[in-house]
Amino acid sequence: MNATNIDRNQQRFFSGSGAFMIPFLCMLLITGIPLVFMEMAFGQFASCGVVSVWSVCPLFEGVGWAMFVVSVLIAIYYNMIIAWTLYYLFASFTKTLPWSFCGVWSSDGCFEDRAEISNCTRFGGVWYNSSCKTMDSVGLEEFLHIQNITNHSSLEHHSPSDDYFHKVVLDITKGINDMGEVRWELALCLLLAWLLVCICLAKGIKTSGKAVYVTAFFPYLVLTILLVRGVTLKGSGDGILYFLTPQWDQLLNAKVWADAAVQIFFSLSPCWGGLITLSSYNKFHNNCMLDAVLVSVMDCLTSVFAGLVIFAIIGYMANELHVGVKEVATEGAGLAFVVYPEIVTKLPVSQLWSILFFAMLITLGLGTQVILIFTCVNFSPTKYDTYVFPAWADGLGFILTLTSILAIPAVGLFKLFMEMRNTRHSFLQCARKLLKPLPKWGPALKEHRLERATIDDIDVSAFESQVPLTISSVNGINSSFPHPTNSRL
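Numbering (my numbering), first residue to last: 4 to 492.
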């Protein structure tokens, strides 16, 4: 389970509702489970990390380095999301949630209740500066002035949670050319996020394995509590019905199928190396096929479970605001930090639900710090809301992306060059050799190597530089094997 089950996956359901499950399940069977099984089998068989495992085919060792680079790049920004969550968690320990009202930091279009805007428009008023302005309340001249401002500036209405996220937490500027000042509160939260990650990894797999007991089970506990609370709220049934009712026409929309494929990669995280690294610690005879199926299916069921929780509360919110569920269930980049915080303000004892929700997000973030993968998409100018990033910013993004992709051909060409220089063989001869596993490829432990081949089938010359262990083959011939290495790279 990871943060995409709570945030990103629910955005997909907004467009296709229950119909999204059909392409999602198809992509799970076609790409998700096969890729997860392949990577888990790779890591478990060789007991190696993302680079060493490619001794099975040295020409493509660059794939391992590409996975490594992707993990490094994504870890840099993914921890910032954990920092945002920590900021919200600390802000939840207040008498009144700071994003539950329009403050001095709010925009002119801020509103505390969606129904207020609807009522204001119905009675011929204009919503401006966090209140309804009518001809009777401000006078004809002032009313015409406000009406002129809102008409010409295309004033957008924002909820307090929206303004709080963009104007207080992020203190977002007009563009990437204006970097703004350092947000020291966020900087300290980011430092704390990295400290938490270091604590989880203090003693390698031992401490991270113990941390999983919290990061894996705590989110399910919180989701169960939220679901029990959600279904007792008036209107929750409407939200769940919207979630489960399929919009069959969306199956003809190619974007829904593309979203399903993207979500599989975000949710299961194949192709970035984490599955190979973790499975390298499995026992050699572990049933990795069963693990791959269970992990993939449980991930899918978790997304549905989280959807029931979220849409139950969204149904309650729609009932309170006297609007349709679809109007509340809007998607966006700040779903976890705009829509969900707004929802908890409508619940009794909102501080408790806010603390539980953001504590859950923190455990998910810590458990999946490097979960996201690189995905190729058709190029279009990068946007955030209405702001279009300049060309140089897109260029910088492509350079960072290529640092991972270029490792694949670069390492392959380097291996070919060194092989041709050392052996003086032709290009094709060297390519054929590099497409074959190295002599040392195979299980890391001696007893596991003996299970897959006899002594005569194994080339031990690759290990002559290491300390030998004398063993007897089935034919009575003595041979030498090395001590297994502990390298996980």
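Beta carbons are placed, not taken as given, at the ideal position from N, Cα and C, and that holds for glycine. A quick note: this is a predicted structure, and the numbers were derived from the prediction, not measured.
Rounded separation between residue i and residue j - CA only
i	j	result
lysine 439	tyrosine 284	25 Å
leucine 355	leucine 28	35 Å
valine 1	phenylalanine 63	Outside the shown range of the chain (4 to 492) lies residue 1, about which nothing can therefore be said.
glutamate 454	phenylalanine 40	22 Å
arginine 452	serine 299	30 Å
alanine 22	glycine 240	18 Å
lysine 95	glutamine 250	The identity of residue 95 in the sequence shown is serine, whereas the question assumes lysine. In a straight line, the C-alpha of serine 95 is about 37 Å away from that of glutamine 250.
phenylalanine 268	phenylalanine 340	23 Å
proline 446	leucine 198	35 Å
threonine 248	methionine 24	11 Å
glycine 344	serine 164	It is worth fixing the name first, because residue 344 is proline in this sequence and not glycine. Distance between the alpha carbons of proline 344 and serine 164: 6 Å.
proline 61	cysteine 274	18 Å
proline 222	alanine 396	36 Å
phenylalanine 220	leucine 304	15 Å
isoleucine 228	valine 312	9 Å
cysteine 135	aspartate 166	18 Å
aspartate 252	isoleucine 33	22 Å
asparagine 478	phenylalanine 308	Residue placement at asparagine 478 cannot be trusted, given a pLDDT of 41 that sits under 50; the coordinates are not used to answer.
serine 270	glycine 67	20 Å
phenylalanine 146	cysteine 123	13 Å
histidine 288	leucine 38	20 Å
glutamate 144	cysteine 113	23 Å
valine 75	alanine 205	18 Å
glycine 493	methionine 320	Because the chain is modelled from 4 through 492, residue 493 falls outside the range shown and cannot be assessed.
methionine 1	serine 162	In this structure the chain extends from 4 to 492, so residue 1 is not present and cannot be described.
Three-state class that DSSP yields for residue i in the structure shown
i	result
histidine 428	coil
threonine 378	In this predicted model, threonine 378 has a pLDDT of only 28, less than 50, meaning its place in the structure is not dependable; the value taken from the coordinates is given anyway. Coil.
phenylalanine 23	helix
valine 477	Reliability fails at valine 477, whose pLDDT of 40 lies under 50, so the model's placement of it is uncertain and the value that follows must be treated cautiously. Correct three-state label for valine 477: coil.
cysteine 105	coil
cysteine 60	coil
lysine 329	helix
cysteine 135	strand
cysteine 113	strand
valine 129	strand
histidine 288	coil
lysine 177	coil
glutamate 184	coil
serine 2	Since the displayed the chain opens at 4 and closes at 492, residue 2 lies outside it and no answer follows.
phenylalanine 96	coil
tryptophan 444	coil
valine 66	helix
proline 3	The structure shown does not extend to residue 3, since the chain is modelled only from 4 through 492, so no value can be given for it.
leucine 293	helix
serine 464	At serine 464 the pLDDT is 48, less than 50, meaning the model places this residue with poor confidence and gives no usable figure here.
glycine 368	helix
valine 352	coil
Continuous alpha helix (DSSP H) stretch holding residue i: start and end
i	result
valine 54	Segment: none, valine 54 is in no alpha helix (DSSP H) and carries neither H nor E.
methionine 41	36-49
leucine 278	277-282
isoleucine 346	343-347
serine 164	163-166
Contact belief for residue i with residue j at Cβ below 8 Å, rounded distance in angstroms
i	j	result
threonine 97	phenylalanine 361	About 13 Å separates the two Cβ atoms, so there is no contact after all.
threonine 426	valine 53	Threonine 426 to valine 53, Cβ: 27 Å. No contact.
methionine 70	serine 282	Their Cβ separation, rounded to whole angstroms, is 14 Å, which puts methionine 70 and serine 282 out of contact at 8 Å.
leucine 230	alanine 315	7 Å
isoleucine 85	leucine 369	7 Å
serine 58	lysine 329	Not really, about 53 Å apart at Cβ, beyond 8 Å.
glycine 318	glycine 242	2 Å
cysteine 433	glutamate 450	34 Å between Cβ atoms; not a contact.
leucine 189	tyrosine 80	The Cβ separation is near 13 Å, so there is no contact.
Chain B contact for residue i (CB, 7 Å cutoff)
i	result
glutamine 47	Of the chains in the structure shown, none is chain B; there is only one protein chain.
Inset, instruction - Starting from the N-terminal side, write out each stretch of the alpha helix (DSSP H) that is 4 residues or longer and does not extend beyond the segment 195-256. - result: Runs found: 208-234 and 239-247.
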